[in-house]
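**Q**
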Amino acid sequence: MRMPGSPAPSVRSDLEVVFRREYPAVVGVAARVLGSRDQAEDVAQDVFLSFGRTSVPASEARGWLCVAAAHTALNLLRSGRRRSAREDAVATYDAVVPDVADTVVRLEERTHVRAALARLPRKQAMALVLRHSGLSYAEVAAALDMSPGSVGTTVRRAESTLRKELTRHASSL
Amino acid sequence: MRHPSDGALRRLLDEPSGVAETDRQHAADCPRCRSSVDAMQADAALVAALMTEESTEVDVDGAWLVASTSSSATARSTISTPAAARRRALARPVAAALAFVVVLTGAGVAAANDWLPIFRTERVAPVSITAADLLALPDLSAYGDLLVTSRPNVRAVPDAAAAAAATGLDVPQVTDLPRGVRGEPVVQVGSKASVTFTFSTERAAKAAAAAGKPLPPPPLGLDGSSVRLDAGPGVAQVWSSSAGVPALIVGRAVAPTAYSSGVRFETMRDYLLSLPGLPERVADQLRAFAADDSTLPLPVPADRVTTRSARVRGVDAVVLTTRDRTMAGVVWVADAVVTVVAGSLDADEVLTVARELT
Numbered sequence: 001m002r003m004p005g006s007p008a009p010s011v012r013s014d015l016e017v018v019f020r021r022e023y024p025a026v027v028g029v030a031a032r033v034l035g036s037r038d039q040a041e042d043v044a045q046d047v048f049l050s051f052g053r054t055s056v057p058a059s060e061a062r063g064w065l066c067v068a069a070a071h072t073a074l075n076l077l078r079s080g081r082r083r084s085a086r087e088d089a090v091a092t093y094d095a096v097v098p099d100v101a102d103t104v105v106r107l108e109e110r111t112h113v114r115a116a117l118a119r120l121p122r123k124q125a126m127a128l129v130l131r132h133s134g135l136s137y138a139e140v141a142a143a144l145d146m147s148p149g150s151v152g153t154t155v156r157r158a159e160s161t162l163r164k165e166l167t168r169h170a171s172s173l
Numbered sequence: 001m002r003h004p005s006d007g008a009l010r011r012l013l014d015e016p017s018g019v020a021e022t023d024r025q026h027a028a029d030c031p032r033c034r035s036s037v038d039a040m041q042a043d044a045a046l047v048a049a050l051m052t053e054e055s056t057e058v059d060v061d062g063a064w065l066v067a068s069t070s071s072s073a074t075a076r077s078t079i080s081t082p083a084a085a086r087r088r089a090l091a092r093p094v095a096a097a098l099a100f101v102v103v104l105t106g107a108g109v110a111a112a113n114d115w116l117p118i119f120r121t122e123r124v125a126p127v128s129i130t131a132a133d134l135l136a137l138p139d140l141s142a143y144g145d146l147l148v149t150s151r152p153n154v155r156a157v158p159d160a161a162a163a164a165a166a167t168g169l170d171v172p173q174v175t176d177l178p179r180g181v182r183g184e185p186v187v188q189v190g191s192k193a194s195v196t197f198t199f200s201t202e203r204a205a206k207a208a209a210a211a212g213k214p215l216p217p218p219p220l221g222l223d224g225s226s227v228r229l230d231a232g233p234g235v236a237q238v239w240s241s242s243a244g245v246p247a248l249i250v251g252r253a254v255a256p257t258a259y260s261s262g263v264r265f266e267t268m269r270d271y272l273l274s275l276p277g278l279p280e281r282v283a284d285q286l287r288a289f290a291a292d293d294s295t296l297p298l299p300v301p302a303d304r305v306t307t308r309s310a311r312v313r314g315v316d317a318v319v320l321t322t323r324d325r326t327m328a329g330v331v332w333v334a335d336a337v338v339t340v341v342a343g344s345l346d347a348d349e350v351l352t353v354a355r356e357l358t
């Protein structure tokens, strides 16, 4: 955060190179959490703005950015400052007009998978999102300060919980 | 015999090389571990499918323009700040200008290439597909350039009359709402969407090499040739239940049509079906549309949905029912227009609505 009276923060010189290289990946991470491209792009902009003020080596930028994007998006998801489930359902519907029959099944689940994601323990949610965004087990382990061996266990636990929540919801309809 | 941990079995799905050789061997031989891996794969595929957004291209140039013009702004750490609002306001015209250029160049390409119609939807047929099949499908974008030349721009309109004016379609009217469905629908329309795929032998060879599979030799003339897929405009009327889930959807759209810049439909289809990664079972079903340039394959998740055929308004229709019987839908094509009736209803109810549309 910029302190009052301090000079304007300087922005690192390699920001454009890193931005152009990593922006799609960072949007992808946030979109997995939020299910909304617009919100994901907002999160990505914020994350790059923060990155611009760090001295994280460019070689480690991707891991740093993905972790920051997942954290920021999960915070947003939990804060409830998202669109309502209703709007979300309509927005999901928009995306896939031709496969309406399939969509009826899916949009319901997409709404619930995000509610379930918001309830997961933070470490499980982070591991799940980072792994599904294409980070290797070693990268996830380094980002979350855990052993590579326990990444699989954590991801598996998260997937199992999400599937159970979806099944439970489907059977209670 | 000690079974590998769940964590090791899960990693087998993603990074087999990261799992100890003894555990890999065990998992291959042990029925119990194999069935655990299968269950894990199904869960992972489900979660992946639900978390993945529709993949549209990210506009990096536009985003960088936004970032570079706002990065001198004061620090902000939350989303709903005036700065974020300003950024969004800026982003819109940038995106609009870019879309304009893209559509113009897309139209230019289409005119220059003298597109031949190669596919026109006259009927639909279900293709059964599992979540695992979907994941195994080759990523087309690795084999060439996928360019969205026209986005559907889905938006709400006040009523059916406005939808008809916006799309030029006969908007279907529901005579009697099924039991449990009440109120007025939300009416949405989408413009014609258009996607162009340009095949690149060089990229395809790279993609195949990365997957460790040899690339089947592409037929003469395929390299650099394009296929354009058009769909829409369309209209949807959505009745929501109190839970926010659609209780009933009635949708209609101009059915997909494909055009080619030179290659014949059969050539493109046969070659795509021979690419490494396509599950044999799915390829066989698609091949069953042999020499058929008018049946649109409708991918159906076989583990969740059953299909049967029925007659609706004088044409063959596909009826889909979820295995848990919570939802059903019916799809048919008449005069190159596809119509869908679906909802949290049973098959008889959606068929009744479909047959009574006016």
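Note that the protein sequences, when read in sequence, are chains A and B.
Heads up: the first sequence at position 57 corresponds to 57 in my numbering, and the numbers run straight through without jumps.
Heads up: the second sequence at position 203 corresponds to 203 in my numbering, and the numbers run straight through without jumps.
Glycine is no exception: its CB is placed at the ideal position from the N, C-alpha and C atoms.
Owing to the predicted nature of the structure, the values given are computational and were not obtained by experimental measurement.
Whose C-beta lies closer than 8 Å to the C-beta of Pro16(B) among residues of the same chain, with five residues either side of it excluded?
**A** Only Arg24 meet the Cβ criterion.
**Q** Decide if Gln45(A) is buried, meaning its Cβ has at least 16 other Cβ atoms within 10 Å, or exposed.
**A** Result: buried.
**Q** In angstroms, rounded to a whole number, what distance separates the CA positions of Glu57(B) and Glu60(A)?
**A** If you take the alpha carbons of Glu57(B) and Glu60(A), they lie about 25 Å apart.
**Q** Considering only their Cβ atoms, is the gap separating Ala255(B) from Gln188(B) smaller than 7 Å?
**A** It is not a contact, given that the beta carbons lie outside the stated cut-off.
**Q** Taking beta-carbon pairs under 8 Å, can you tell me which members of the stretch 8 to 29 of chain B lie near chain A?
**A** Of all residues in the stretch 8 to 29 of chain B, Ala8, Leu9, Arg10, Arg11, Asp14, Glu15 and Gly18 have a Cβ within less than 8 Å of some Cβ in chain A.
**Q** Assign Pro31(B) to one of two classes, buried (16 or more other C-beta atoms within 10 Å of its C-beta) or exposed (fewer than that).
**A** Exposed: under 16 other Cβ atoms inside 10 Å.
**Q** Just reading off the alpha helix (DSSP H) that Val129(A) is part of, what are its end residues?
**A** Start and end: Arg122 to His132.
**Q** Cα separation between Pro219(B) and Asp230(B)?
**A** Pro219(B) and Asp230(B): Cα-Cα distance of roughly 24 Å.
**Q** With a threshold of 6 Å on Cβ separation, who are the neighbours of Val140(A) within its own chain once the five nearest residues in sequence on each side are excluded?
**A** Only Ala127, Leu130, Arg131 and Val151 meet the Cβ criterion.
**Q** Counting contacts by CB-CB distance shorter than 7 Å, is Trp64(B) in contact with chain A?
**A** Closer than 7 Å: yes.
**Q** How long is the line joining the alpha carbons of Thr153(A) and Asp6(B), rounded to whole angstroms?
**A** Distance between the alpha carbons of Thr153(A) and Asp6(B) is about 6 Å.
**Q** Is Ala255(B) helix, strand or coil by DSSP?
**A** Ala255(B) falls in the coil class under three-state DSSP.
**Q** Smallest Cα separation from Ala354(B): which of Asp176(B), Ala162(B) and Ser261(B)?
**A** Comparing Cα positions, the closest option is Asp176(B).
**Q** Whole angstroms is fine: what's the gap from Leu34(A)'s alpha carbon to Val113(A)'s?
**A** Computed Cα separation, rounded: 10 Å.
**Q** Indicate the three-state DSSP secondary structure (helix, strand or coil) for Thr54(A) in the structure shown.
**A** Three-state DSSP puts Thr54(A) in coil, outside helix and strand.
**Q** Which first and last residues belong to the beta strand (DSSP E) in which Gly190(B) is found?
**A** It spans Val186 to Gly190 - the beta strand (DSSP E) in which Gly190(B) sits, taken as one unbroken run.
**Q** If you reduce the DSSP assignment to three classes, tell me which class Val60(B) lands in.
**A** Three-state result, Val60(B): helix.
**Q** For Ala138(A), is the classification buried or exposed, using 16 other Cβ atoms within 10 angstroms of its Cβ as the cut-off for buried?
**A** Result: exposed.
**Q** Please identify the residue among Gly314(B), Phe197(B) and Val171(B) whose C-alpha is closest to the C-alpha of Ile249(B).
**A** Of Gly314(B), Phe197(B) and Val171(B), the residue nearest in Cα terms is Val171(B).
**Q** Between Val337(B) and Val330(B), is the Cβ-Cβ spacing less than 7 Å?
**A** Cβ distance not < 7 Å, so Val337(B) and Val330(B) don't count as in contact.
**Q** Chain A beta carbons: is any one of them nearer than 7 Å to that of Ala48(B)?
**A** Yes, because at least one Cβ of chain A sits closer than 7 Å to the Cβ of Ala48(B).
**Q** List, in order along the chain, the chain B residues whose C-beta lies closer than 7 Å to that of Gly149(A)?
**A** In chain order: Gly7.
**Q** Output yes if chain A places a C-beta closer than 7 Å to the C-beta of Gln163(B); else output no.
**A** Note on residue identity: the sequence assigns Ala, not Gln, to residue 163(B). With 7 Å as the cut-off, Ala163(B) does not count as an interface residue toward chain A.
**Q** Suppose contacts are defined by Cβ-Cβ distances below 7 Å. Is Thr201(B) in contact with Leu147(B) by that definition?
**A** Result no, Cβ atoms of Thr201(B) and Leu147(B) do not sit closer than 7 Å.
**Q** Which of the three DSSP states is assigned to Asp38(A) in this structure?
**A** Helix at Asp38(A).
**Q** May I ask you to report which of helix, strand or coil DSSP gives Leu162(A)?
**A** Helix at Leu162(A).
**Q** If we cut at 7 Å on Cβ distances, does Gln124(A) have a partner in chain B?
**A** For Gln124(A), the answer is no, since every Cβ of chain B falls outside 7 Å of its Cβ.
**Q** Could you give the distance in angstroms between the alpha-carbon of Val29(A) and the alpha-carbon of Ala40(A)?
**A** Distance between the alpha carbons of Val29(A) and Ala40(A): 8 Å.
**Q** If contact means a Cβ-Cβ distance below 7 Å, which residues of the stretch 195 to 209 of chain B contact chain A?
**A** Correct list: empty, as no residue qualifies.
**Q** Among Leu166(A), Val155(A) and Ser13(A), whose alpha-carbon lies nearest the alpha-carbon of Pro57(A)?
**A** It is Ser13(A).
**Q** Under 7 Å, Cβ to Cβ, is there at least one residue of chain A near Ala67(B)?
**A** Yes, contact with chain A.
**Q** Within 10 angstroms of the Cβ of Pro233(B), are there 16 or more other Cβ atoms? Answer buried if so, exposed if not.
**A** That one is buried.
**Q** Beta-carbon of Gly134(A) versus every beta-carbon of chain B: anything under 7 Å?
**A** No, because no Cβ of chain B sits closer than 7 Å to the Cβ of Gly134(A).
**Q** Taking its Cβ as the centre, do 16 or more other Cβ atoms sit within 10 Å of Ser147(A), making it buried, or is it exposed?
**A** Ser147(A) should be labelled exposed.
**Q** State the CB to CB distance for the pair Thr339(B) and Ala328(B), rounded to an integer number of angstroms; the pair is presumed to be in contact (CB under 8 Å).
**A** Not confirmed; about 15 Å, so no contact.
**Q** Does Val19(B) come out as helix, strand or coil in the three-state DSSP assignment?
**A** Residue state, collapsed to three classes: coil.
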